[in-house]
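J.:
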Amino acid sequence: GVSVGVLGEIKVPVADQQSYLSSGTIDFSIAGLFTKQFTEELALHANLGFVLPMGDANLFFDNDDFSFLPETNNLASVISFTAGGAYRILPRFSAGAQLEYNTSPFQNVTVFDEPQTMFMVFGRGEMDHYAFFSFALGTGFGDLGADFYLSLAFDFPL
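All residue numbers for the sequence shown refer to our numbering, where the first residue is 885 and numbers rise by one.
1. Quick check on the burial criterion: 16 or more other C-beta atoms within 10 angstroms. Buried or exposed for Ala1037?
2. Please list the terminal residues of the continuous beta strand (DSSP E) segment that includes Ala960.
3. I need the straight-line Cα distance from Ala970 to Gln991, nearest angstrom please.
4. Thinking C-beta only, is Phe1025 closer than 8 angstroms to Thr987?
5. Can you tell which of Phe1032, Leu926, Val962 and Asn931 has its C-alpha closest to the C-alpha of Met938?
6. Distance, Cα to Cα, Leu959 vs Pro989?
7. Provide the residue(s) that pair with Asp1031 in DSSP beta bridges, ordered along the chain.
8. Measure the alpha-carbon distance for Leu983 versus His1013 and round it to whole angstroms.
9. Give, in chain order, every unbroken run of the alpha helix (DSSP H) that is at least 4 residues long and sits entirely within the region 990-1018.
10. Just the Cα atoms here: how many angstroms apart are Val886 and Val1005?
11. Suppose you measure from the CA of Leu953 to the CA of Val896; what does that come to, to the nearest Å?
12. State the DSSP-derived secondary structure class of Gly969, mapped to helix, strand or coil.
13. Just the Cα atoms here: how many angstroms apart are Ile894 and Phe1019?
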């Protein structure tokens, strides 16, 4: 069978909007997570998500007579899709690859109004009981895609 999960999230801005570290909006998101386990080692997954930003981002808008920027920047809802697979290479380590697609929240900013696609490889391993490390390495496609993406994480229960 297919395993199904639902993920809900509320993002509250905590960074300085003037330094472009935050959009300044509260975002509500929901995602459906679908996984098909083919063997003990191989699983394929697909995720479909929706993000609803609340309010004006106050980013990338015309406040100094820059004619190429919009006067306001109400953020558009974002739709995201991910498809990929993971394979357990060792008893305590799995690796995989996935393709990600996201629409843009900045529909009225010419440079940022295009959807983004990214290819990523990732891995996750158990270091000790309930202590894990994970990594992801990826690249985007097109003129606006990320040239290089790297993520490293360590997690454990408290």
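All residues carry an ideal CB built from backbone N, CA and C; glycine is no exception.
T.: Reading from the atomic positions:
1. That one is exposed.
2. Per DSSP, Ala960 lies in no beta strand (DSSP E) segment and is marked neither H nor E.
3. Roughly 34 angstroms separates the two Cα atoms.
4. No, Cβ-Cβ distance for Thr987 and Phe1025 is not below 8 angstroms.
5. Minimum Cα-Cα distance from Met938 among the listed residues Phe1032, Leu926, Val962 and Asn931 corresponds to Val962.
6. Spanning the two alpha carbons is a distance of roughly 5 angstroms.
7. Answer is none; Asp1031 lacks a bridge partner.
8. Near 30 angstroms, if we compare the C-alpha coordinates of His1013 and Leu983.
9. The region 990-1018 contains no complete alpha helix (DSSP H) run of 4 or more residues.
10. Counting only the Cα atoms, Val1005 lies some 23 angstroms from Val886.
11. Residue placement at Leu953 is flagged as unreliable, the pLDDT there being 49, under the threshold of 50; a coordinate-derived value is accordingly withheld.
12. Collapsing the DSSP output to three states places Gly969 in a strand.
13. Whole-angstrom Cα-Cα distance: 24 angstroms.
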